[in-house]
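Student: Quick one: this structure, given as structure tokens, is what I'll be asking you about.
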Amino acid sequence: MKKIILLTLLILLKIGVYGQQKSKQDFQKLKWLSGDWIRTNGKPGHKGYESWKVISPSKLVGEGVTIKGTDTVFFEKMELLTKGNDIFFTAIAKGDPNPTFFKLTSISNSGFVCENPEHDFPKKIAYTLKDKKIYATISGDGHSVDFIFIKKP
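Right under this line is the structure:
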């Protein structure tokens with residue numbers, strides 16, 4: 001009986017270590033996001049920006065802002081972080097103290113998808129790096145908003 005318990009504990013420990021290593025490896029695939037980005041497909045008269053910084057091997061922080069004239073019409077703090085064996089995208093909109101968590105469901109060297117089916121909108125956030133541009137989409141319930149960013153020179 002003791003051998004079975006010990007074997008079970010060893011297997012669970014190995015699975016936990018593997019999961020943490022995998023999330024660390026996956027997190028490294030997100031570093032292309034770091035830098036200052038300028039939105040190229042905003043509404044006329046609006047300027048949009050995202051800025052991302054690597055804070056640690058398991059955390060990126062970002063800010064998104066939209067400006068119309070001299071007024072900030074949208075501001076959001078964002079994070080990509082590792083919690084346990086998972087990676088999450090968190091968004092904190094201006095005036096809302098509670099972050100919304102989106103779990104990473106897909107990742108490659110040039111993109112990722114995070115989802116939260118319980119959230120009203122968006123339910124899905126997708127980022128892809130292609131031809132030195134970021135193509136981001138937020139979507140849910142049949143609606144979507146596309147963002148295209150170029151890296152600030």
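Once you know that position 7 of the sequence shown is 7 in full-length UniProt numbering, the rest is easy, because the numbers rise by one and skip nothing.
Built from N, CA and C at the ideal position, the CB exists for glycine as well.
For clarity, every value in this text was computed on a predicted model and none was experimentally measured.
(1) Where DSSP assigns a beta bridge to Leu80, which residues make up the other side?
(2) Quick one: what's got a C-beta closer than 6 Å to His46's C-beta in the same chain, skipping five residues either side?
(3) Within this structure, are the beta carbons of Leu129 and Gly111 separated by less than 8 Å?
(4) Could you spell out the range, first to last residue, of the beta strand (DSSP E) harbouring Ser110?
(5) What's the C-alpha gap between Leu60 and Pro44?
(6) Quick check on this structure: which residue in Ile125, Pro57, Lys151, Gly48 has the alpha carbon closest to the alpha carbon of Asp70?
(7) Tell me where the beta strand (DSSP E) around Trp37 begins and ends.
(8) Go to His143, then tell me how far its beta strand (DSSP E) extends in each direction, as first and last residue.
(9) Measure the CB-CB distance between Ala91 and Pro99 and report whether it falls below 8 Å.
(10) Leaving out five residues before and five after Asp26 in sequence, what residues of the same chain have Cβ atoms less than 7 Å from its Cβ?
(11) Hey, how far is the Cα of Gly42 from the Cα of Thr137?
Tutor: For this structure:
(1) Answer is Leu60, Phe89.
(2) The beta carbon of His46 is closer than 6 Å to those of Thr66, Lys68 in its chain, skipping five residues each way along the sequence.
(3) Closer than 8 Å, so yes.
(4) The continuous stretches of beta strand (DSSP E) do not include Ser110, and DSSP gives it neither H nor E.
(5) Each residue's alpha carbon lies about 30 Å from the other.
(6) Looking at the sequence shown, residue 70 is not Asp but Thr. For Thr70, the closest alpha carbon among the candidates Ile125, Pro57, Lys151, Gly48 is that of Gly48.
(7) Per DSSP, Trp37 belongs to the beta strand (DSSP E) from 35–39.
(8) Residues 143–151.
(9) Taking 8 Å as the cut-off, the beta carbon of Ala91 is found closer than this to the beta carbon of Pro99.
(10) Only Ile87, Ile107 meet the Cβ criterion.
(11) Those two C-alpha atoms are separated by around 13 Å.
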